[in-house]
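Participant: Count the sequence shown with the working numbering and you get residues 63 to 205, in order.
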Amino acid sequence: MQTALTLAREAAACGEVPVGAVVMRGSRQVAAARNAMVGGSDPTAHAEIRALRAAGEALATSRLDDCDLWVTLEPCAMCAAAIGLARIRRLYFAAPDPKGGAILHGPRLYGQPTCHHRPEVYSGIGDDASAALLKAFFSERRG
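Set out below in structure tokens:
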């Protein structure tokens, strides 16, 4: 999670919402990314999506069923769906997102009967550090 938090700090420094994500295969880091929607003019350039794409490319497969994803914020519906489609084994996330999250909040995507793959989910890892980073980022913008 420390690597994901470092990436989140880098995102904030670039004016992006501070979210970082890391794909691991065992103890090996396969891919890592941060949010890049503003800089790339791409609304889908969430840290999770970018990390999943990079992992798929690095491993030459669209099925990441032996990989785990570490992310600093509860994934949104788009990212949660992509995580399921990638067949991620375990999802670890730091801060909950009551407004935009889709795992513990909102649609609770993995609890839906139409969900084909449900990763194991572990939340609250690095929660304080991630929440503080997000709070500072949004406080600065709201002035």
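Beta carbons are placed, not taken as given, at the ideal position from N, Cα and C, and that holds for glycine.
Between residue 186 and residue 63, what straight-line distance do the alpha-carbon atoms span, to the nearest angstrom?
Facilitator: Counting from one through the sequence shown, the residue named residue 186 turns up at place 124. Counting from one through the sequence shown, the residue named residue 63 turns up at place 1. Rounded to the nearest angstrom, the two C-alpha atoms are 11 angstroms apart.
Participant: Out of 132, 169 and 96, which one is the CA nearest neighbour of residue 35?
Facilitator: Lying outside 63 to 205, the shown extent of the chain, residue 35 is not represented and no answer is given.
Participant: At what residues does the alpha helix (DSSP H) containing residue 75 begin and finish?
Facilitator: Counting from one through the sequence shown, the residue named residue 75 turns up at place 13. Here the alpha helix (DSSP H) through residue 75 covers 64-75.
Participant: Go ahead and label residue 182 buried or exposed: buried means 16 or more other beta carbons lie within 10 angstroms of its beta carbon, across all protein chains shown.
Facilitator: For the purposes of this step, residue 182 is taken as residue 120 along the sequence shown, with counting starting at 1. Under this definition residue 182 is an exposed residue.
Participant: Buried or exposed: residue 141, going by 16 or more other Cβ atoms within 10 Å of its Cβ?
Facilitator: Taking the sequence shown and counting its residues from 1, the one referred to as residue 141 is at position 79. Counting Cβ neighbours within 10 Å, residue 141 comes out buried, since at least 16 surround it.
Participant: State the DSSP-derived secondary structure class of residue 90, mapped to helix, strand or coil.
Facilitator: Translated into the one-based positions of the sequence shown, residue 90 becomes position 28. Strand at residue 90.
Participant: Can you tell me which of 191, 91, 136 and 144 puts its alpha carbon nearest to the alpha carbon of residue 166?
Facilitator: Translated into positions along the sequence shown, residue 166 becomes position 104. Minimum Cα distance to residue 166 is reached at 136.
Participant: Taking Cβ to Cβ, would you say residue 133 is nearer than 9 angstroms to residue 84?
Facilitator: For the purposes of this step, residue 133 is identified with residue 71 of the sequence shown, where counting begins at 1. For the purposes of this step, residue 84 is identified with residue 22 of the sequence shown, where counting begins at 1. Against a cut-off of 9 angstroms, the Cβ pair of residue 84 and residue 133 comes out as a contact.
Participant: Taking C-beta to C-beta, are residue 189 and residue 156 nearer than 9 angstroms?
Facilitator: Position 127 of the sequence shown, counting from 1, holds the residue named residue 189. Position 94 of the sequence shown, counting from 1, holds the residue named residue 156. Yes. Within cutoff.
Participant: The beta strand (DSSP E) that contains residue 79, what's its start and end?
Facilitator: As a first step, residue 79 is located in the sequence shown; it is residue number 17 there, counting from the start. Neither: residue 79 is in no beta strand (DSSP E) and is coded neither H nor E.
Participant: DSSP on residue 136, reduced to helix/strand/coil?
Facilitator: In the sequence shown, residue 136 corresponds to position 74, counting from 1. In the structure shown, residue 136 sits in coil (DSSP, three-state: anything other than H, G, I, E or B).
Participant: Is it true that the CB of residue 65 sits closer than 9 angstroms to the CB of residue 82?
Facilitator: Within the sequence shown, numbered from 1, the residue matching residue 82 stands at position 20. Within the sequence shown, numbered from 1, the residue matching residue 65 stands at position 3. Yes, these two residues count as a Cβ contact at 9 angstroms.
Participant: Under the rule that 16 or more other beta-carbon atoms within 10 Å means buried, what is residue 74, buried or exposed?
Facilitator: Sequence index remark: in the sequence shown, residue 74 carries index 12 (1-based). Buried, since its Cβ has 16 or more Cβ neighbours within 10 Å.
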